[in-house]
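In the UniProt record's numbering, the protein residues as written are 1 to 115. Beta carbons: idealized from backbone N, C-alpha and C, even for Gly. Here the structure is a predicted model, which means the values were calculated and not measured.
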């Protein structure tokens, strides 16, 4: 599945505004464009963050969950027992260091966002 290119959509929406000519149709088009801008902003806000470096992984708080699409594995960070190897793969009995995760990953959950 290809990702929605929000920049391309936003540029196309911006182009519609330049075509307006002050008629009623252009006023309606302006309202549609405003609605599109709000939707684009909301999609950007809700889209899971992309983690591309081990440093970004290490910066996530405990209980964060990320999805590794390369192997279709979810990982949870829990550094209570082994701070140097805080990542647990789905169904695993052994924790791993952040370097075991194939990057990039998407953040599915962070405890800060759940407050």
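Around the CB of residue 61, fewer than 16 other CB atoms lie within 10 Å, so the residue is classed as exposed.
Following the DSSP letters along the chain, one finds residue 59 inside the alpha helix (DSSP H) bounded by residues 54 to 59. Nearest neighbour of residue 8 by Cα position, chosen from 80, 36, 52, turns out to be 36. Beta-bridge analysis with DSSP links residue 67 to 74, 106.
Fewer than three pairs of CB atoms, one per stretch, sit closer than 8 Å, so the segment 29 to 47 makes no contact with the segment 76 to 94.
9 Å or more divides the Cβ of residue 107 from the Cβ of residue 69. Burial state of residue 59 is exposed, judged by a 10 Å Cβ sphere holding fewer than 16 other Cβ atoms.
Here residue 96 carries a strand assignment [DSSP, helix/strand/coil].
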